[in-house]
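Protein sequence lines correspond, in order, to chains U and L. Anchor point for the first sequence: position 427 equals 434 in the numbering used here, and the numbering is continuous, going up by one each time. Anchor point for the second sequence: position 167 equals 340 in the numbering used here, and the numbering is continuous, going up by one each time.
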Amino acid sequence: MIPEIGHFALILALAVALLQGSLPMIGAARGRAAWMALAEPAALLQLVFVLTAFLALMHAYVTSDFTVANVAQNSNSKLPLLYKISGTWGNHEGSMLLWILILAVFGAAVALFGSNLPAPLRARVLSVQSWIAIGFLAFSLFTSNPFARMFPPPPDGADLNPLLQDPGLAFHPPMLYLGYVGFSMAFSFAIAALIEGRVDAAWARWVRPWTLAAWCFLTGGIALGSWWAYYELGWGGWWFWDPVENVSFMPWLLGTALLHSAIVVEKRDALKTWTVLLAILTFSLSLIGTFIVRSGLLTSVHAFATDPERGVFILVLLCLTIGGSLMLFAIRAPALKGGGLFAPISRESGLVLNNLLLAVACATVFLGTMYPLFAEAFGYKATVGAPYFNLTFVPIMTPLIAIMALGPMLSWKRADLAGVLGRMKAALAAAVAATLLALYLSGGPVGPALGMGLAAWLFIGALSEWAGRIKLLRVHPSESWRRALTLPRSAHGMTLAHAGMAVAIVGIVGSASWKVEEILIMRPGDSVAVAGYDYRLEGVNRVQGPNYVSDMAQITVTRDGRPVTVQRPERRLYTVQQMPTTEAAIHTTGLADLYTAIGDPDGRGGHTVRVFYEPLVPWIWAGSILMMLGGAVSLSDRRLRIGAPRRTCPAPNTGTAAAKA
Amino acid sequence: MSEIAQGNVGRRLLFLAPVILFAVLAGYFLWGLAPGRDPRILPSALIDQPVPDFDAGPLAGIGVPGLASTDLKAGKVSLVNFFASWCIPCRAEHPLLMNLAAQGGVELYGMNYKNKPAEARAWLVELGNPYSRIGTDEPGRIGIDWGVSGVPETFIVDGEGRIRYRHWGPIDRRAMEEIIRPLIVELSR
Numbered sequence: 008m009i010p011e012i013g014h015f016a017l018i019l020a021l022a023v024a025l026l027q028g029s030l031p032m033i034g035a036a037r038g039r040a041a042w043m044a045l046a047e048p049a050a051l052l053q054l055v056f057v058l059t060a061f062l063a064l065m066h067a068y069v070t071s072d073f074t075v076a077n078v079a080q081n082s083n084s085k086l087p088l089l090y091k092i093s094g095t096w097g098n099h100e101g102s103m104l105l106w107i108l109i110l111a112v113f114g115a116a117v118a119l120f121g122s123n124l125p126a127p128l129r130a131r132v133l134s135v136q137s138w139i140a141i142g143f144l145a146f147s148l149f150t151s152n153p154f155a156r157m158f159p160p161p162p163d164g165a166d167l168n169p170l171l172q173d174p175g176l177a178f179h180p181p182m183l184y185l186g187y188v189g190f191s192m193a194f195s196f197a198i199a200a201l202i203e204g205r206v207d208a209a210w211a212r213w214v215r216p217w218t219l220a221a222w223c224f225l226t227g228g229i230a231l232g233s234w235w236a237y238y239e240l241g242w243g244g245w246w247f248w249d250p251v252e253n254v255s256f257m258p259w260l261l262g263t264a265l266l267h268s269a270i271v272v273e274k275r276d277a278l279k280t281w282t283v284l285l286a287i288l289t290f291s292l293s294l295i296g297t298f299i300v301r302s303g304l305l306t307s308v309h310a311f312a313t314d315p316e317r318g319v320f321i322l323v324l325l326c327l328t329i330g331g332s333l334m335l336f337a338i339r340a341p342a343l344k345g346g347g348l349f350a351p352i353s354r355e356s357g358l359v360l361n362n363l364l365l366a367v368a369c370a371t372v373f374l375g376t377m378y379p380l381f382a383e384a385f386g387y388k389a390t391v392g393a394p395y396f397n398l399t400f401v402p403i404m405t406p407l408i409a410i411m412a413l414g415p416m417l418s419w420k421r422a423d424l425a426g427v428l429g430r431m432k433a434a435l436a437a438a439v440a441a442t443l444l445a446l447y448l449s450g451g452p453v454g455p456a457l458g459m460g461l462a463a464w465l466f467i468g469a470l471s472e473w474a475g476r477i478k479l480l481r482v483h484p485s486e487s488w489r490r491a492l493t494l495p496r497s498a499h500g501m502t503l504a505h506a507g508m509a510v511a512i513v514g515i516v517g518s519a520s521w522k523v524e525e526i527l528i529m530r531p532g533d534s535v536a537v538a539g540y541d542y543r544l545e546g547v548n549r550v551q552g553p554n555y556v557s558d559m560a561q562i563t564v565t566r567d568g569r570p571v572t573v574q575r576p577e578r579r580l581y582t583v584q585q586m587p588t589t590e591a592a593i594h595t596t597g598l599a600d601l602y603t604a605i606g607d608p609d610g611r612g613g614h615t616v617r618v619f620y621e622p623l624v625p626w627i628w629a630g631s632i633l634m635m636l637g638g639a640v641s642l643s644d645r646r647l648r649i650g651a652p653r654r655t656c657p658a659p660n661t662g663t664a665a666a667k668a
Numbered sequence: 174m175s176e177i178a179q180g181n182v183g184r185r186l187l188f189l190a191p192v193i194l195f196a197v198l199a200g201y202f203l204w205g206l207a208p209g210r211d212p213r214i215l216p217s218a219l220i221d222q223p224v225p226d227f228d229a230g231p232l233a234g235i236g237v238p239g240l241a242s243t244d245l246k247a248g249k250v251s252l253v254n255f256f257a258s259w260c261i262p263c264r265a266e267h268p269l270l271m272n273l274a275a276q277g278g279v280e281l282y283g284m285n286y287k288n289k290p291a292e293a294r295a296w297l298v299e300l301g302n303p304y305s306r307i308g309t310d311e312p313g314r315i316g317i318d319w320g321v322s323g324v325p326e327t328f329i330v331d332g333e334g335r336i337r338y339r340h341w342g343p344i345d346r347r348a349m350e351e352i353i354r355p356l357i358v359e360l361s362r
């Protein structure tokens, strides 16, 4: 009964979405207030229906209702409760429903908190948001119904993919989707602006918090995903340039660009068409990211089960959304009025350069990800791996990080480069010191040492800018404290995020450059020394888990004879699916991770053991958390929370008037 | 209407560029969705073809002879495994190969691919040698003829020396039990 209620609620949600997608839009065009006002209750109602459907599916999972095909295929009665719940979105149909739910949450948020938006803009934004919902609801209902029953029901379910039975991955999809779908707000605002023919500072101020929130979630989602890959796959790496990773990384790159270009629109009324295009492209990449791994277009080591039959529906949806919005852009964007002028050396120019580099970086990743498909269309098979990405990505990111430290110090319109460079003395000294220190400690090649220098440059540069703002050490500490308190939260947020990036770079460069690995067969009693630590395999025991059996090794780690830790890596066999998984054991020292994983037995009393010394990897997670924190602090800025002042008298815009006529 | 919005075909075209690029991309997507296409499969043009002619010298110090194409036409089903000591997935599949060798029923041959002989020797001493013949292909020339894209890669060759199956990447337990062993049994009949 409950699954049918869920199914019915989903159908009702589609009906409401059709209403919300049409009447308010027409009302906005004809100036009918009552039609426009329909958008808010519709958005809330849509959320109620979608939430009902989602909870119905979750109920089926929690109660192990195997008459629902989706539950039977992806759950099991022995599954721990957490994974029964996360199993709701650990499959294609359920994850689509989660996507739709988050879309509805964002729509309802505009309805609830968008009271300071002009009525036509709000109506149009909610309508556009609803168009997206229509596409997804139709996709879900017609091709991926999560509530389909099966008869006869199996005695027990086929179990959730063991790789997904992990706390990190239980929360990875919701985070990632909050990011992906969050960009739908920027998209809806962009489309509404194109329809209205007006982009101004107030528009940018409304778009920014949504973009920032989406960016924070996406940052967290990506970090959580790579953290999972790091400890669960047992390969000792955290980023593999796999298509699934890349499709989440591309919206992040463009979303970062959007975040910065929206500042220029808000403060200087410039870069308007570019910002609108970025908003469209960022969400388009999110859509492509959601779909590409489900359509069987590209292959990946960790993708959903693909189904090319759904592919055509997906393609039509992508063409309508992306093609349609880009067509609208081509028609309407030329009518958008250009804004403020600026000198080549100015904060605007710095942000343009930021956007340019991020867009190129994104294009590089896009090309590498899609190349196998392009090549295959011309008759040959190709795979593009890490060497391509490292070779192309690093040279683009290097200048980006170099200017990232300078940008916040540049003033708007026209900046004094000599003065700014003068303020970078501390950063330069730190960069040189970090480079030399890294060179001395590693004794290795210059490249990674320079990476450390670059990170120090950014970190100290970001702090110098912040210190300059509160006049740290130049006035009495109490005055600095007072200045810090009155400084806009967004300024603190930026410093945190930029410094977080620097911390993450230290981790990325360090782990890529100075990793030590040892793979060998060990028998109980065997020892191996890796990077100054001694690992001794004490034994391997069979352990029974709720729905798996595990070979758990006990490895004592010592350094110069002193005990450091005892590690217990596992090799699990999930009995229902007969699928083995690796549970790496990780001990972090703050500066490095000691990482061990155990493989198959060799049949002669030994086991394959992988021992990795992963330098600075914890810094990647710390940096990601700092970046998210920076975004959150910035989001709490009063200016963004309250929103833009009401536009009492819209600026005269001849282009709009003509286009509407 | 403002000047910018009027005329100026070049500017208009610039604004059309994104949608045109997307149309091209959508074309690729449409092609990629063609039924029957599986991006996972790296096809081998050599399936059901005779093995390429080659004669690879032995790996000194291990005590098994080298491998040549004639060895694969001796009437017994054989499994040719391209491996290297620097290859991590090779280590992962190694215990399965040891197991297969211990159980018999197939000639298990190794091709030491783009690997220094000393390192390969140390590797086999450490992990054990499952192969009854090992050819060396340090420059990777023979690998090119076989269409090897990376190690490990495994071929099953029937008694007449025709390649019947190609396994890309490490053999896992499932592939061993569900594909490789059944095929060996079938070809041995």
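Ideal Cβ positions, reconstructed from N, Cα and C, are used throughout, including at glycine. As the structure is a prediction and not an experimental result, all values here were calculated from the model.
- Closest option to Ala-445(U), judged by alpha-carbon separation, among Thr-376(U), Ser-520(U) and Asn-253(U): Ser-520(U).
- Here Phe-247(U) is not near Ala-368(U), since their CB atoms are 8 Å or more apart.
- DSSP places Met-529(U) in the uninterrupted beta strand (DSSP E) bounded by 523-529.
- Assigned with DSSP and collapsed to three states, His-483(U) falls in coil, not helix or strand.
- Taken through DSSP and simplified to helix, strand or coil, Pro-325(L) comes out as coil.
- Any Cβ of chain U closer than 8 Å to the Cβ of Pro-191(L) would place that residue at the interface, and such an atom is present.
- Within the segment 38-82 of chain U, the runs of alpha helix (DSSP H) that reach at least 4 residues and sit entirely inside it are, in chain order, 40-44, 46-69 and 76-81.
- Only exposed fits Gly-38(U), as fewer than 16 other CB atoms lie within 10 angstroms of its CB.
- Here Trp-242(U) carries a coil assignment [DSSP, helix/strand/coil].
- Judged by beta-carbon spacing, Ile-528(U) lies within the 8 Å limit of Asp-609(U), meaning their Cβ atoms are closer than that value.
- A Cβ of chain L is located within less than 8 Å of the beta carbon of Gly-330(U).
- Nearest CB-CB separation between Ile-235(L) and chain U: not below the 8 Å threshold.
- Considering only beta carbons, the part of the segment 504-538 of chain U lying closer than 8 Å to chain L consists of Ile-526, Leu-527 and Ile-528, in chain order.
- Under a criterion of Cβ atoms nearer than 7 Å, the residues of chain L adjacent to Cys-326(U) are, in order, Ala-199.
- Across the structure, Val-510(U) and Thr-218(U) are spaced so that their CA atoms are roughly 23 Å apart.
- Taken atom to atom, the span from the alpha-carbon of Met-192(U) to that of Ile-109(U) is near 11 Å.
- Under the DSSP assignment, Asn-254(L) falls in the beta strand (DSSP E) whose first and last residues are 251-256.
- The criterion of a C-beta distance shorter than 8 Å is satisfied by Ile-220(L) and Ile-336(L).
- Annotation for Tyr-378(U): Ala-389 and Val-391 place their beta carbon closer than 7 Å to its own, counting only its chain and skipping 5 residues before and after.
- Three or more beta-carbon pairs drawn from the segment 177-192 of chain U and the segment 226-240 of chain U are found closer than 8 Å, and the two stretches are therefore classed as touching.
- Residue state for Gln-172(U) is assigned as coil, using DSSP reduced to three classes.
- Taking a cut-off of 8 Å on C-beta distances, the segment 572-581 of chain U touches the segment 593-608 of chain U, as three or more cross pairs fall below it.
- The beta-carbon distance between Gly-248(L) and Gly-332(L), rounded to whole angstroms, is 5 Å. This is short enough to meet the 8 Å contact definition.
- Note on the segment 256-334 of chain L: whole alpha helix (DSSP H) runs with a minimum of 4 residues are 261-276, 290-300 and 314-319, in chain order.
- Cβ contact annotation for Gly-357(U) (same chain, cutoff 7 Å, sequence separation greater than five): Ile-410, Leu-413, Gly-414 and Leu-417, in chain order.
- Closest option to Pro-625(U), judged by alpha-carbon separation, among Val-372(U), Leu-598(U) and Gln-136(U): Leu-598(U).
- Residues Ser-147 and Ser-151 of the same chain have their beta carbon placed closer than 6 Å to that of Met-103(U), with the five preceding and five following residues left out of the count.
- DSSP lists no bridge partner for Trp-96(U).
- Assignment of Met-431(U) by DSSP, reduced to helix, strand and coil, places it in the coil class.
- When the Cα atoms are used, Val-192(L) and Met-334(U) turn out to be separated by approximately 6 Å.
- Within its own chain, the residues whose Cβ lies closer than 8 Å to the Cβ of Pro-225(L), once the five positions on either side in sequence are excluded, are Leu-219, Ser-242, Ile-315, Asp-318 and Trp-319, listed in chain order.
- In the DSSP annotation of this structure, the continuous segment of the beta strand (DSSP E) that includes Gly-546(U) starts and ends at 540-551.
- Contact between the segment 489-503 of chain U and the segment 450-458 of chain U is not established, with fewer than three Cβ pairs separated by less than 8 Å.
- The beta carbon of Gly-316(L) sits no closer than 8 Å to any beta carbon of chain U.
- Nearest to Leu-623(U) by alpha-carbon distance, out of Ile-512(U), Trp-281(U), Pro-351(U) and Asp-607(U), is Ile-512(U).
- Taking Pro-216(U) as reference, the option from Gly-189(U), Ser-137(U) and Thr-59(U) with the minimal CA-CA separation is Gly-189(U).
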